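Q: The structure follows.
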DNA sequence: CGTCTATGTCCAACTAGTGAACTCTAAGCT
DNA sequence: AGCTTAGAGTTCACTAGTTGGACATAGACG
């Protein structure tokens, strides 16, 4: 970046302001931009011209009946972003444009025991296929977001030791993927990306403080605080799965006893149903059976809900978010699990903290993480990458 | 505010940049300002002149041995800020200047049953006395920070229902005090202000994410997240006192059972020692006895520590702060309480979250809250109030 | 068909930051 | 002591960038 505080930085800030206004509204006329950004019409005129020349923005001559308003919108082909999400059973990829539209999305199963090399090979292929399908040039890739199912040090990019994918510990997924795709890759864990996805496109729209709780083989939370993912100084915020609910409860894989996870995560819950319902049950199956009325599954899901509720109550007392979004397979259970959660929260959280809390199931299902990865790519490059593109395109070429 | 995005807003931002740099460093030469702000020497020269003319800043000709550097520092008499802290047993007032120096500070006992009117009368008197003592003109008051020992809705300024001061429920302390002092008053609860105080002047210096835990008649926490007090959307973040440690534990005044508070707050802990140590024991007394070696008191304090540790472990898993500061009388117990806290945290928090956590006693003791109130006044007015003063002073008068 | 009105553009004025040249002062060297 | 050196602060001409106002444009309305 240039010196902050110079005029050019002001200009850049104004460019971003305009782009952001257009993005939020979808499309605006110049006069509307001027009003919503507070810039003068003259300035907007200049900025729009600059953005148009750079290809960031498209100007369509008068769509609606007015006097002669040209509507300005983000040009779809100014660049694309890619979201890649490794789950422990599948791989998901999405391609979106800078106007926050998803152009293509696909998922395929992935073996848990697959080596990281295999995984990345598959990811690379799938990305290539989707890009081809959208017909956009590879050079237009503005950024990639990557989700991994485990703790990752965002600074160094190293996958933590308690990662769920066995063969991946100690690898640096972002570097790996950058090597293959040749673009900057931003990583984060699945819970944080789920939170981001639900915030931008799902049940968290319009809310600035939310917790996304994902119950799968483990339990994790992604925290959004004042509109931004909060990772904490050490990058491990949101470990709701290991808060202690019962000091003399079951032993958890983390070495403690009675962690929230031991009452709620698939690996601990499914065995409860083995004797009655067979051994090859999945969480998804339990949810389906519960919805069909199976009393045992209903009971188990309600118990899980109560325990999650206890954890959410703690979270709520400490952080007082305005929304909690439940993700993972469990969210499919709807009121069967949300009811008990609400009940527990009502009982254990202090009323003033619980008052404005709404608890919703995720609206995106299994897509939350990929879409979050997309959002990560968009937000990490900031609107400024858009603008970098503009500037370099606007700068006369040397050739 | 003027139109954001204009040159004048840029100028204003640069003024703030300079003021902030000077404030952080205490005093700087112009060349140092230029380096630390990234502005050019010429710009700094202009800005310093403007600030000097406005009275915000003082220029002292060469203090240290160099070539000919003039050191720039905030002028002490550009304005003063006042911090007022109502505890449930005392009233504390501090007067500081814009250079973050405390000019005067005093506390006096306050009856718990005092009406709010009495309380504010006393506060007004004490403020007046201190202002006179410092010899500064009343018109120089730039802002007042007010701390109250209970939940307060920062938006509406109304003291919540579970306030510790009985006669104060439903009052609007900030308005009350503004009426008497004639200046804007910013309120917050004691835990948040303690956090702010310790962050600016105490054990939290240099850290951007910390939790301040105050154990008194209740237990509350103030959270600082990325350098800012975090209150949560509903204003009740930090209620660590009512997270559930034991679902079948003692009944808490909040209606739940086994809240952290029931194991740690004075009102629940002191009765344990009544039969052995008499009825008129205070927390302060217990701490003193424990330091002198009394085994019963030591045991009680260690138990309290262990329970606080459990709460901190939860906090740590969720938020992963880099520092926890213990405030209130209990902090005086030093290692007697910190040891067990650390032990509990080590046991119950996940290692990766606990790794970079340091747990310290507050460095400011009972002063944390007033100083926090001072800091609140400073931060709420922002450096911009400083600048407003500058600008109006720099603008030619009409008379 | 003329008038009205909101849109977008152009231009001259103005604001504010910057690099370069310049001055000033004390320290260090001869 | 005198010369050199180097960092500090100032001045000045220049440039980037925003703004208000004048102006052109084109549909709507009578």
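Protein chains in written order, with our numbering: chain E, 128 to 526; chain A, 128 to 526. In this text, a Cβ means the ideal position worked out from N, Cα and C, and glycines have one as well. Computed from a predicted structure; not experimentally measured.
Are residue 364 of chain E and residue 304 of chain E close, meaning C-beta to C-beta below 9 Å?
A: No, they are not a contact pair.
Q: Using a Cβ-Cβ cut-off of less than 7 Å, give me the residues of the region 362-395 of chain E that come near chain A, in sequence order.
A: So the close ones are 363, 364, 365, 366, 367, 369, 370, 371, 381, 383.
Q: Just to confirm my understanding: we take residue 475 of chain A, look at its own chain, exclude 5 residues before and 5 after, and list those with CB closer than 6 Å. What are they?
A: The residues are 437, 440.
Q: Check this for me: beta carbons of residue 464 of chain E and residue 432 of chain E, under 9 Å apart or not?
A: In contact: residue 464 of chain E and residue 432 of chain E (Cβ atoms closer than 9 Å).
Q: Taking Cβ positions only, does residue 402 of chain A come closer than 9 Å to chain E?
A: Judged by the 9 Å Cβ criterion, residue 402 of chain A is not in contact with chain E.
Q: Using a Cβ cut-off of 9 Å (strictly closer), state whether residue 448 of chain A contacts chain E.
A: Yes, because at least one Cβ of chain E sits closer than 9 Å to the Cβ of residue 448 of chain A.
Q: Determine the direct distance from the alpha carbon of residue 296 of chain E to that of residue 434 of chain E, and round the result to whole angstroms.
A: Each residue's Cα considered, the two are about 30 Å apart.
Q: Within 9 Å (strictly less), CB to CB, does residue 278 of chain E reach chain A?
A: It does: the Cβ of residue 278 of chain E has a partner Cβ on chain A nearer than 9 Å.
Q: Does DSSP classify residue 153 of chain A as helix, strand or coil?
A: Coil at residue 153 of chain A, not helix or strand.
Q: Less than 9 Å between CB atoms is the rule here; does residue 476 of chain A satisfy it with respect to chain E?
A: Answer yes: the Cβ-Cβ gap between residue 476 of chain A and chain E drops below 9 Å somewhere.
Q: Between residue 592 of chain A and residue 345 of chain A, what straight-line distance do the alpha-carbon atoms span, to the nearest angstrom?
A: With chain A covering 128 to 526 only, the question about residue 592 of chain A has no answer from this structure.
Q: Grouping DSSP H, G and I as helix and E and B as strand, with all else coil, what is residue 355 of chain E?
A: If DSSP states are grouped into helix, strand and coil, residue 355 of chain E belongs with the strands.
Q: Along chain E, in chain order, which residues have C-beta atoms closer than 8 Å to that of residue 335 of chain A?
A: The answer, in chain order, is 360.
Q: Which chain A residues sit within Cβ distance under 7 Å of residue 339 of chain E?
A: Per Cβ cutoff of 7 Å: no residues; residue 339 of chain E is ~13 Å from chain A at best.
Q: Does the pairing of the region 480-499 of chain E with the region 298-313 of chain E give three or more beta-carbon distances under 8 Å?
A: No, because fewer than three Cβ pairs between the region 480-499 of chain E and the region 298-313 of chain E fall closer than 8 Å, the two stretches do not touch.
Q: Is the shortest distance between the beta-carbon of residue 332 of chain E and the beta-carbons of chain A less than 9 Å?
A: Judged by the 9 Å Cβ criterion, residue 332 of chain E is not in contact with chain A.
Q: Do residue 276 of chain A and residue 316 of chain A have their CB atoms nearer than 9 Å?
A: Result yes, Cβ atoms of residue 276 of chain A and residue 316 of chain A sit closer than 9 Å.
Q: For the beta strand (DSSP E) that residue 341 of chain E lies in, which residues bound it at each end?
A: Counting along the chain, the beta strand (DSSP E) containing residue 341 of chain E begins and ends at 337-342.
Q: Are the C-beta of residue 444 of chain E and some C-beta of chain A separated by less than 9 Å?
A: Yes - at least one Cβ of chain A is within 9 Å of the one on residue 444 of chain E.
Q: For residue 151 of chain E, is the classification buried or exposed, using 16 other Cβ atoms within 10 angstroms of its Cβ as the cut-off for buried?
A: Exposed, since its Cβ has fewer than 16 Cβ neighbours within 10 Å.
Q: Quick one: what's got a C-beta closer than 8 Å to residue 175 of chain E's C-beta in the same chain, skipping five residues either side?
A: 145, 157, 160, 184, 186, 199.
Q: Helix or strand or just coil, what does DSSP make of residue 387 of chain E?
A: Note: residue 387 of chain E maps to helix in three-state DSSP.
Q: Among the residues of its own chain, which have a CB less than 7 Å from the CB of residue 193 of chain E, if the five just before and after it don't count?
A: Note that residue 193 of chain E has pLDDT 49, beneath the 50 cutoff, so the model's placement of it is unreliable and no number is given.
Q: Looking at C-beta atoms only, is the number of pairs between the region 366-377 of chain E and the region 397-410 of chain E that lie closer than 8 Å three or more?
A: Taking 8 Å as the limit for Cβ pairs, the verdict is that the region 397-410 of chain E does not touch the region 366-377 of chain E.
Q: Is it the case that the Cβ atoms of residue 208 of chain A and residue 505 of chain A are separated by a distance below 9 Å?
A: Cβ atoms of residue 208 of chain A and residue 505 of chain A: closer than 9 Å.
Q: Please go through the same chain and pick out, in chain order, the residues whose beta-carbon is closer than 8 Å to the beta-carbon of residue 197 of chain E, but skip the five residues on each side of it.
A: Excluding residues within five positions, the ones whose Cβ falls inside 8 Å are 156, 157, 186, 187, 188, 189.
Q: If I measure Cβ to Cβ from residue 261 of chain E and keep anything under 6 Å in the same chain, skipping five residues before and after, which residues do I get?
A: Cβ within range, chain order: 222, 230, 231.
Q: Give the straight-line distance between the Cα atoms of residue 88 of chain E and residue 212 of chain E, rounded to the nearest whole angstrom.
A: There is simply no residue 88 of chain E to check, as chain E begins at 128 and stops at 526 in what is shown.
Q: Using 10 angstroms around the beta-carbon of residue 239 of chain E, count the other beta-carbons present and answer buried if the total reaches 16, otherwise exposed.
A: With fewer than 16 other Cβ atoms within 10 Å, it is exposed.
Q: Counting only C-beta atoms, is residue 353 of chain A closer than 9 Å to chain E at any point?
A: At least one chain E Cβ lies under 9 Å of residue 353 of chain A.
Q: Would you mind telling me which residues of chain A sit closer than 9 Å to residue 287 of chain E, beta carbon to beta carbon, in chain order?
A: Correct list: 479.
Q: For residue 383 of chain E, which residues in the same chain have their Cβ closer than 7 Å to its Cβ, ignoring the five residues on either side in sequence?
A: Correct list, in chain order: 369, 371.
Q: Please state if the CB of residue 429 of chain A and the CB of residue 325 of chain A are separated by a distance shorter than 9 Å.
A: Their beta carbons are not under 9 Å apart, which means residue 325 of chain A does not touch residue 429 of chain A by this criterion.
Q: Could you check the C-alpha separation between residue 450 of chain E and residue 488 of chain E for me, to the nearest Å?
A: Taking the straight line from one Cα to the other gives about 10 Å.
Q: Taking any Cβ of chain A, which residues in the region 133-149 of chain E have a Cβ under 9 Å from it, in chain order?
A: Within the region 133-149 of chain E, the qualifying residues are 133, 134, 136, 137, 140, 141, 144.
Q: Note the first and the last residue of the continuous beta strand (DSSP E) segment covering residue 298 of chain A.
A: Run containing residue 298 of chain A: none; DSSP gives neither H nor E here.
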